[in-house]
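Reading the sequence shown from the start, the letters are residues 1230 to 1476 in our numbering.
We put the CB at the ideal spot given by N, CA and C, even for glycine.
Bear in mind that the values here come from a model prediction, so they are computed numbers and not experimental data.
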Amino acid sequence: MTTLRNQLLFISTFTLISLTTPSYGANSHWGYHGEKGPEHWPALNAAYQQCLGKNQSPIDIRNTVSTTLPELQINYQSGSKRLTNNGYTLQADFKPGSYINVDQQRFNLLQLHIHLPSENLVRGQRFALEIHMVHASDNGELAVLGLLFKHGKPHAGLDAAFSSLPTKKGESIPLTGLSAQSLLPRNTAYYRFNGSLTTPPCTEGVRWLVFKEVGEASPEQLKALKALIPRSNARPVQPANARLIAE
Ligand SMILES: [Zn+2]
């Protein structure tokens, strides 16, 4: 464990949106590079066939359709539990009580995690960092909020949220003060599309909402995160195919 002051870190949480098997040990059959890299995921396990689907994430957000998306209803409480370095990302788990409403359904915030660099692109542009906030409804449907960050000024929410970091793979430390609210952009306008988990088993049917406003993180903050995830943990962009991307 290292203090944030020393390492300027913050969050890392990334994806393993896999809700039931977040341990890095259980997921060590796949990776982001080489023989276990994304192009080989479908061949690694019969359960990963969905990675060949037509509605996969991430995507390049472009050719959007303008519509009237409802204002996002976000109700986040402070109430994090643990911060874990699972070997793929840093993941913060939350206590019950934080949720968003989408399509008249409540989706409870389960965890957030980070990707370096961003997984989703906007009109071809990739960003330095993407945070995924993973939510599930009572009937098991998923909704992910994507937050994009570029190089810039220090982000107070990131600093405040992560006072210490689990630097070793498999390390998990108590984390009680993280407020997901402090990471949100001021303007909560968003893109919306249908997608998947970006890690095996690449489950589809995930509601994706990516904020248009891009946050900033300082070079020091990004460097501290990069120390924990030295190589990219971003799955390559997948074809949009017949999907509609609304804004
Ligand atoms: Zn993710």
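Cβ pair residue i, residue j closer than 8 Å
{"i": "Leu1426", "j": "Val1435", "result": "yes"}
{"i": "Ile1458", "j": "Thr1318", "result": "yes"}
{"i": "Ser1286", "j": "Gly1381", "result": "no"}
{"i": "Ser1366", "j": "Phe1336", "result": "yes"}
{"i": "Glu1476", "j": "Asn1284", "result": "no"}
{"i": "Leu1301", "j": "Ala1409", "result": "no"}
{"i": "Leu1376", "j": "Leu1350", "result": "no"}
{"i": "His1384", "j": "Glu1445", "result": "yes"}
{"i": "Phe1422", "j": "Arg1352", "result": "no"}
{"i": "Ala1321", "j": "Ser1309", "result": "yes"}
{"i": "Tyr1328", "j": "His1364", "result": "yes"}
{"i": "Val1466", "j": "Asp1289", "result": "yes"}
{"i": "Gln1279", "j": "Pro1430", "result": "yes"}
{"i": "Ile1343", "j": "Leu1451", "result": "no"}
Spatial neighbours of residue i in its chain, beta-carbon cut-off 8 Å, leaving aside the 5 residues before and after
{"i": "Met1230", "result": "At Met1230, the pLDDT of 42 sits below 50, so the modelled position is not reliable and the matter cannot be decided from this model."}
{"i": "Pro1346", "result": "Arg1355, Phe1356, Ala1357, Leu1358, Glu1359, Ser1461, Ala1463"}
{"i": "Tyr1277", "result": "Trp1259, Trp1270, Pro1271, Pro1429, Pro1430, Cys1431"}
DSSP three-state assignment for residue i, whether helix, strand or coil
{"i": "Glu1268", "result": "helix"}
{"i": "Asn1337", "result": "strand"}
{"i": "Ser1241", "result": "Only weak support exists for where Ser1241 lies, its pLDDT of 33 falling under 50; the coordinates are left without a value."}
{"i": "Pro1403", "result": "strand"}
{"i": "Ser1366", "result": "coil"}
{"i": "Gly1353", "result": "coil"}
{"i": "Ala1456", "result": "helix"}
{"i": "Ser1447", "result": "coil"}
{"i": "Pro1414", "result": "coil"}
{"i": "Gly1326", "result": "coil"}
{"i": "Gly1263", "result": "helix"}
{"i": "Ala1275", "result": "helix"}
{"i": "Leu1312", "result": "strand"}
{"i": "Leu1426", "result": "coil"}
{"i": "Gly1434", "result": "strand"}
{"i": "Asp1289", "result": "strand"}
{"i": "Gly1386", "result": "helix"}
Residue i beta carbon near ligand 1 (any heavy atom closer than 7 Å)
{"i": "Thr1427", "result": "yes"}
{"i": "His1342", "result": "yes"}
{"i": "His1361", "result": "yes"}
Neighbourhood of residue i by C-beta distance below 6 Å, restricted to the same chain and skipping five residues each side
{"i": "Thr1293", "result": "Ile1474, Glu1476"}
{"i": "Leu1281", "result": "Pro1271"}
{"i": "Ala1418", "result": "Lys1441"}
C-beta neighbour in chain C for residue i, strict 8 Å
{"i": "Arg1352", "result": "In the displayed structure, chain C is absent; only one protein chain is listed."}
Neighbourhood of residue i by C-beta distance below 7 Å, restricted to the same chain and skipping five residues each side
{"i": "Lys1379", "result": "Phe1356, Ala1357, Val1443, Glu1445"}
{"i": "Gln1340", "result": "Thr1242, Gln1320, Ala1321, Asp1322, Phe1323, Val1363"}
{"i": "Ser1295", "result": "Glu1476"}
{"i": "Tyr1261", "result": "Pro1267, Arg1460, Ser1461, Asn1462"}
{"i": "Gly1326", "result": "Gln1306, Gly1308"}
Any 3 or more C-beta pairs closer than 8 Å across the stretch 1401–1417 and the stretch 1265–1276: Taking one beta carbon from each stretch, the stretch 1401–1417 and the stretch 1265–1276 have fewer than 3 pairs nearer than 8 Å; the two do not touch.
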